[in-house]
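Here the structure is laid out as structure tokens; the discussion comes afterwards.
Chains as they are written, first to last, in our numbering: chain A, 1436 to 1662; chain B, 1240 to 1512.
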């Protein structure tokens, strides 16, 4: 593991600032699992809830390092790599969250009742892809809702909440499309579709968000330190 | 290392902190940066250290191993002093047990060994500053940028930092620093950058050196003290009798002043102090 990513992970885990976003995710997942859901629905729900949780957790990682400490690291490794490291660390932590959420949903759910459903492996595979879409989209959003892209905490938190909601409910959003692709309870034969287009869109979104954030980090590092 | 037409501002509508600054830094030089509060010294230092890239222009041929000491180092990091230095050592390119070994040595050197396993947030401001300084020296940098790194250190640590800077210079490292004490590393810097109004003026040391006055006593000058107070760098003139004159001059201008005075073969310089 690169020393930079190791440092960022240690910074996050030791600070205990990861706790609130993780608790939010646990709460949302547990609330959504009441009543015993079908596999596809549960994984879709997990994908959706990953968006605010991953965005918040990414923001938490990006705001965890005081500016002067970042300056020391940026001098040693360059401002771009110094910002890519917390982004990668956030993606790693978010992946653990997504994996745990997906496994929990699978264990707490059951197959569709009373219909001829496709093989469970297919539902699981498509569900996993939708979870991946939620993970990538949430991580991308978090990269934009934190310094150096959005510096004011109020603006960042409002944007994060609003954009999370938009990603969930807007029909054109990759997350919304992916969730609809894997929901089984609505359709007659419980068929799911592989959310490949949403996955591509979410990957592009993440690449764009990281590019913007890393570029901004190169331009603006240290601006709060006066003079 | 070269700064090519570097301009810097923060934000799209922010004022220009630096405008069109072009400077050359020969390898192994010691650069003192001077300027008033808010003149852009810290911004210039951050650009040199690669903490950020300039808005316009480029910094070329920066050494690969770089280290930076910020003017205020935060205590809000969830590490022990030793733990933080180990992380930074690895980031500075050290491997295996080397980061831990050098972290111990650096803390010892700056008199902070007793605080090695205390949390940074429990440390005093001065001890935190020692950790910041130690961090910069771990990786034996080829470029060392110190933004008032001495501020807050106790006398022992200040002397240790002076020594460390000397060692890095001996090893061919380029050092760029800001410090409010005009006597800091006096006599060593071979470049001065004067920052003001968005510009950086490079001045060679013969003109602006440390502002400690020096006294020149001379005799035999036809006309005595007449006209001496008009010479560049002269701060005060006093007639001592017996044809002797004492000049008080800025040390940085003393070489030029002596050349001017000694151009007249009748003049005898008795002492320079």
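Here a beta-carbon is modelled for each residue, glycine too, at the ideal position from N, C-alpha and C.
Predicted model only: the values in this text are computed from it and were never measured.
With 8 Å set as the bound, which would you pick, yes or no: does the beta-carbon of residue i sit closer than that to a beta-carbon of chain A?
| i | result |
| --- | --- |
| residue 1448 of chain B | For residue 1448 of chain B, the predicted structure reports a pLDDT of 46, less than 50, and the residue's modelled location is therefore unreliable. The matter cannot be settled from this model. |
| residue 1445 of chain B | Confidence at residue 1445 of chain B is low in this model, with a pLDDT of 45, below 50, so the placement of that residue should be treated as unreliable; the coordinate-derived value is given next. By this cut-off, residue 1445 of chain B is not an interface position. |
| residue 1294 of chain B | yes |
| residue 1403 of chain B | no |
| residue 1289 of chain B | yes |
| residue 1258 of chain B | no |
| residue 1309 of chain B | yes |
With 8 Å as the threshold, decide whether the Cβ of residue i is near any Cβ in chain B.
| i | result |
| --- | --- |
| residue 1655 of chain A | yes |
| residue 1582 of chain A | no |
| residue 1446 of chain A | yes |
| residue 1497 of chain A | no |
| residue 1524 of chain A | no |
| residue 1456 of chain A | no |
| residue 1504 of chain A | yes |
| residue 1585 of chain A | no |
| residue 1661 of chain A | Low confidence applies to residue 1661 of chain A: its pLDDT is 36, below 50, so where it sits in the model is not reliable, and the reading given next is rough at best. True, the Cβ-Cβ gap to chain B drops below 8 Å. |
| residue 1438 of chain A | yes |
| residue 1514 of chain A | yes |
| residue 1442 of chain A | yes |
Can the beta-carbon of residue i be found less than 8 Å from the beta-carbon of residue j?
| i | j | result |
| --- | --- | --- |
| residue 1496 of chain A | residue 1521 of chain A | yes |
| residue 1487 of chain B | residue 1452 of chain B | yes |
| residue 1423 of chain B | residue 1456 of chain B | no |
| residue 1290 of chain B | residue 1606 of chain A | no |
| residue 1320 of chain B | residue 1346 of chain B | yes |
| residue 1610 of chain A | residue 1603 of chain A | yes |
| residue 1485 of chain A | residue 1445 of chain A | no |
| residue 1459 of chain A | residue 1487 of chain A | yes |
| residue 1517 of chain A | residue 1579 of chain A | no |
| residue 1433 of chain B | residue 1269 of chain B | no |
| residue 1277 of chain B | residue 1333 of chain B | no |
| residue 1648 of chain A | residue 1584 of chain A | yes |
| residue 1637 of chain A | residue 1561 of chain A | no |
| residue 1257 of chain B | residue 1247 of chain B | yes |
| residue 1303 of chain B | residue 1381 of chain B | yes |
| residue 1569 of chain A | residue 1464 of chain A | no |
| residue 1474 of chain A | residue 1559 of chain A | yes |
| residue 1503 of chain A | residue 1312 of chain B | yes |
| residue 1309 of chain B | residue 1371 of chain B | yes |
| residue 1391 of chain B | residue 1368 of chain B | yes |
| residue 1386 of chain B | residue 1251 of chain B | no |
| residue 1253 of chain B | residue 1437 of chain B | no |
Going along chain A, which residues have a C-beta under 8 Å from residue i?
| i | result |
| --- | --- |
| residue 1374 of chain B | 1507 |
| residue 1305 of chain B | 1510, 1511 |
| residue 1455 of chain B | Result: empty, since nearest Cβ-Cβ is about 37 Å, beyond 8 Å. |
| residue 1331 of chain B | 1511 |
| residue 1384 of chain B | 1510 |
| residue 1326 of chain B | 1438, 1441, 1442, 1445 |
Per DSSP, which residues does residue i bridge with? Please list them.
| i | result |
| --- | --- |
| residue 1243 of chain B | B/1297 |
| residue 1432 of chain B | B/1272, B/1441 |
| residue 1440 of chain A | DSSP lists no partner for residue 1440 of chain A. |
| residue 1477 of chain B | B/1485 |
| residue 1382 of chain B | B/1305, B/1413 |
| residue 1358 of chain B | B/1319 |
| residue 1374 of chain B | Note: residue 1374 of chain B sits in no beta bridge, so no partner. |
| residue 1452 of chain B | B/1489 |
| residue 1641 of chain A | According to DSSP, which records beta bridges pairwise, residue 1641 of chain A is partnered with nothing at all. |
| residue 1511 of chain B | B/1455 |
At 9 Å on the CB atoms, spell out the chain A contacts of residue i, in chain order.
| i | result |
| --- | --- |
| residue 1439 of chain B | Correct list: empty, because the minimum Cβ distance to chain A is about 14 Å. |
Can you tell me where the alpha helix (DSSP H) with residue i in it begins and where it stops?
| i | result |
| --- | --- |
| residue 1261 of chain B | Taken as a continuous stretch (DSSP letters only), residue 1261 of chain B belongs to no alpha helix (DSSP H), being part of the beta strand (DSSP E) at 1255-1263. |
| residue 1401 of chain B | 1394-1409 |
| residue 1349 of chain B | Counting along the chain, residue 1349 of chain B falls outside any alpha helix (DSSP H), and DSSP gives it neither H nor E. |
| residue 1455 of chain A | 1454-1467 |
| residue 1413 of chain B | Looking at the DSSP string, residue 1413 of chain B is not in any alpha helix (DSSP H); the run it does join, the beta strand (DSSP E), is 1413-1417. |
| residue 1504 of chain B | That residue, residue 1504 of chain B, is in no alpha helix (DSSP H); it is neither H nor E in DSSP. |
| residue 1564 of chain A | 1555-1579 |
| residue 1540 of chain A | 1514-1543 |
| residue 1489 of chain A | 1474-1497 |
| residue 1391 of chain B | Unbroken run through residue 1391 of chain B: none, as it is neither H nor E. |
| residue 1598 of chain A | 1588-1604 |
| residue 1460 of chain B | That residue, residue 1460 of chain B, is in no alpha helix (DSSP H); it is neither H nor E in DSSP. |
| residue 1421 of chain B | Run containing residue 1421 of chain B: none; DSSP gives neither H nor E here. |
| residue 1287 of chain B | 1280-1288 |
List the residues of chain A that residue i touches, going by C-beta distances under 7 Å, in chain order.
| i | result |
| --- | --- |
| residue 1317 of chain B | 1446, 1449, 1450 |
Starting from residue i, trace the beta strand (DSSP E) in both directions and tell me its first and last residue.
| i | result |
| --- | --- |
| residue 1249 of chain B | First-last for residue 1249 of chain B: undefined, no H or E at that position. |
In chain B, which residues lie less than 8 Å from residue i when you measure between Cβ atoms?
| i | result |
| --- | --- |
| residue 1501 of chain A | 1313, 1315, 1316 |
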